[in-house]
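Chemist:
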Amino acid sequence: MVFVFTSQRNNLKTMKASSILNEADLDRILIIKPSAIGDIANSLHFLRGIRQAHPKAKIGWLVNQSYESILTNHPDIDQVFSFDRNIWKKNLGKSISSFWQLVRKLRVFKPTLTIDLQCLLRTGILTRLSGAPKRIGLEDCREGSSYFYTHLVRYPAKGMHAVERYWEAAKFLGCQGEIPPASFPVDEAEKTHVLNLISRLPRPWIGCCPGARWLTKQWPSSYYAKTLHKAQSETSGSIILFGGNDDCKNASEIAALIPPGTPVLNLAGKTNLRGLIALISQMDFVFSNDTGPLHIAVAQGKNIISPFLCTKVEWNGPYGQFHNTVSTSVPCKGSYLTKCPKMICLDDLVPEKLFPLVERTVQKWKASKT
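This is the structure:
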């Protein structure tokens, strides 16, 4: 195995992509971005740009099996590769067998260039084993993954949003101009199923995903109930709660706190991932923490309303809709702590601080209907 020495890699960083890559290098492109939903959503701008710049290229994408369905049949992807991360965790024999089966599939694809947008040890190894002669990583790679790349993409500034960081990689691969919009394909069968569930509810449909993987990202159920009820009372619409199985507890709490007589439908845990995308596509508003469904809603051009606690809007917020977020003002905001014994941000970011944003969003929706 041949590695690029640090001095060589640093020289390559400063070179223009045009002096490193030629059209043949971009004939078969493998993108490695296994997870999670929000990160995949933010990387779809990159995908759109690559497809526009290289319409004849064959594009493959390696993704965690849990998220495979959101990329299947995507018009900009020719082939999706997936792996079951749970098998890799439980059984060493199956893990090794599964790993080499995946490597063989990647090599059959014969990528001329592999770009790792995850940039961790495991994805770095897969980048190297993909067989691509050109292997691209990002400047902020971790876990020693840089040793598996032939080139690194340098960022022009610190503190860039994820979408902008990925776009620097796209420019390295020949993309130009403004960052294009992202898109999630909506499954028509799932859309029909979703409409059967919600079509009798009065519009507007006010969607809410109340959970998040980190507890420090979760706005309290009582806050959501109060804010959702304000939006509903000003529009005479319906509240629709959604999310995965982990969001069921929060959704049930909110549903129980909404005043009686308010149209509420709790669909949390009752849709698959493609169904969730279809459901979000039908919403008029989407309330959400900093989590995957928020970024799906943004990619679909929805009006979003989002409280931000431990993460930074400028780094991970809804791209193009920063103005539709409200952040806490406590000194420790944007700490990225996954656990916090104090959570003083919840005393600061109360529902009333979101009310002006709710009112503006409602007025915008009403104006669009006149």
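The sequence shown begins at 13 in this note's numbering and counts up by one. Glycine included, every Cβ here is placed at the ideal spot set by N, Cα and C. From a predicted model like this one, the values you see are computed outputs, not experimental measurements.
Would you mind giving the Cβ-Cβ distance between Val370 and Lys242, rounded to the nearest angstrom? I have them listed as a contact below 8 Å.
Modeler: Against the sequence shown, residue 370 aligns to sequence position 358. Against the sequence shown, residue 242 aligns to sequence position 230. With 8 Å as the limit, Val370 and Lys242 qualify as a contact, their Cβ atoms being about 6 Å apart.
Chemist: DSSP on His163, reduced to helix/strand/coil?
Modeler: Numbered from its first residue, the sequence shown carries residue 163 at position 151. The answer is strand: DSSP assigns His163 an E or B state.
Chemist: Going by DSSP, what residue range makes up the alpha helix (DSSP H) through Leu369?
Modeler: For this step, residue 369 is matched to residue 357 along the sequence shown. Leu369 -> alpha helix (DSSP H) spans 367-380.
Chemist: Mapping DSSP to helix, strand and coil, what is Ile251?
Modeler: Taking the sequence shown and counting its residues from 1, the one referred to as residue 251 is at position 239. The answer is strand: DSSP assigns Ile251 an E or B state.
Chemist: For Pro275, report the span of its alpha helix (DSSP H) as first-last.
Modeler: Indexing the sequence shown from 1 puts residue 275 at position 263. Here Pro275 belongs to no alpha helix (DSSP H), and DSSP marks it neither H nor E.
Chemist: Answer yes if the region 230-248 comes into contact with the region 196-203, meaning at least three C-beta pairs across the two stretches below 8 Å, and no otherwise.
Modeler: No, because fewer than three Cβ pairs between the region 196-203 and the region 230-248 fall closer than 8 Å, the two stretches do not touch.
Chemist: Could you tell me the alpha carbon to alpha carbon distance between Thr323 and Gln188, rounded to whole angstroms?
Modeler: Residue mapping note: residue 323 aligns to position 311 of the sequence shown, counting from 1. Residue mapping note: residue 188 aligns to position 176 of the sequence shown, counting from 1. In a straight line, the C-alpha of Thr323 is about 30 Å away from that of Gln188.
Chemist: So for Ser81, helix, strand or coil by DSSP?
Modeler: Taking the sequence shown and counting its residues from 1, the one referred to as residue 81 is at position 69. Note: Ser81 maps to helix in three-state DSSP.
Chemist: Can you find at least 3 beta carbon pairs, one from the region 150-157 and one from the region 121-135, that sit closer than 8 Å?
Modeler: Flag = yes, the region 150-157 and the region 121-135 touch.
Chemist: Grab me the residues of Gly171's own chain with a C-beta within less than 6 Å of its C-beta, minus the 5 sequence neighbours each way, in chain order.
Modeler: Locating residue 171 in the sequence shown gives position 159, counting from the first residue. Nothing listed; no residue qualifies.
Chemist: Going residue by residue through the region 133-178, where are the continuous alpha helix (DSSP H) segments of at least 4 residues, counting only ones entirely within it?
Modeler: Listed in chain order, the complete alpha helix (DSSP H) runs (minimum 4 residues) inside the region 133-178 are 133-141.
Chemist: What does a CB cutoff of less than 6 Å around Trp277 pick up in its chain, not counting 5 residues either side in sequence?
Modeler: Locating residue 277 in the sequence shown gives position 265, counting from the first residue. Per the sequence shown, residue 277 should be read as Leu rather than Trp. Excluding positions up to five away in sequence, the list reads Ile252.
Chemist: Please tell me whether Ile32 and Trp73 are closer than 8 Å, where the distance is taken between their beta carbons.
Modeler: In the sequence shown, counting from the first residue as 1, residue 32 sits at position 20. In the sequence shown, counting from the first residue as 1, residue 73 sits at position 61. Cβ distance not < 8 Å, so Ile32 and Trp73 don't count as in contact.
Chemist: Which of the three DSSP states is assigned to Lys203 in this structure?
Modeler: Along the sequence shown, read from residue 1 onward, the residue named residue 203 stands at position 191. Residue state, collapsed to three classes: helix.
Chemist: Cα separation between Ala201 and Ser47?
Modeler: Within the sequence shown, numbered from 1, the residue matching residue 201 stands at position 189. Within the sequence shown, numbered from 1, the residue matching residue 47 stands at position 35. Using only the alpha carbons, I get a separation of about 25 Å.
Chemist: Residue range of the beta strand (DSSP E) that Ser264 falls in?
Modeler: One-based indexing of the sequence shown puts residue 264 at position 252. From DSSP, Ser264 is part of no beta strand (DSSP E) but of the alpha helix (DSSP H) over 260-269.
Chemist: Thinking just about the alpha-carbon of each residue, which of Leu269, Pro271, Leu279, Cys352 is nearest to the one in Asp258?
Modeler: Position 246 of the sequence shown holds residue 258. The residue with the shortest Cα to Cα distance from Asp258 is Leu279.
Chemist: Looking at the unbroken beta strand (DSSP E) that takes in Gln91, where does it start and where does it end?
Modeler: Along the sequence shown, read from residue 1 onward, the residue named residue 91 stands at position 79. Counting along the chain, the beta strand (DSSP E) containing Gln91 begins and ends at 91-95.
Chemist: Quick one: what's got a C-beta closer than 6 Å to Trp179's C-beta in the same chain, skipping five residues either side?
Modeler: Counting from 1 along the sequence shown, the entry for residue 179 is found at position 167. Answer for Trp179: Ile191, listed in chain order.
Chemist: Buried or exposed for Ser94, going by 16 or more other Cβ atoms inside 10 Å?
Modeler: As a position in the sequence shown, residue 94 is number 82, starting the count at 1. Ser94 is buried by the Cβ-count criterion.
Chemist: Expressed to the nearest angstrom, what Euclidean distance is found between the alpha-carbon atoms of Leu209 and Gly255?
Modeler: Position 197 of the sequence shown, counted from the first residue, corresponds to residue 209. Position 243 of the sequence shown, counted from the first residue, corresponds to residue 255. If I take the Cα positions, the gap works out to 15 Å.
Chemist: The alpha helix (DSSP H) that contains Pro415, what's its start and end?
Modeler: The structure shown does not extend to residue 415, since the chain is modelled only from 13 to 382, so the question has no answer here.
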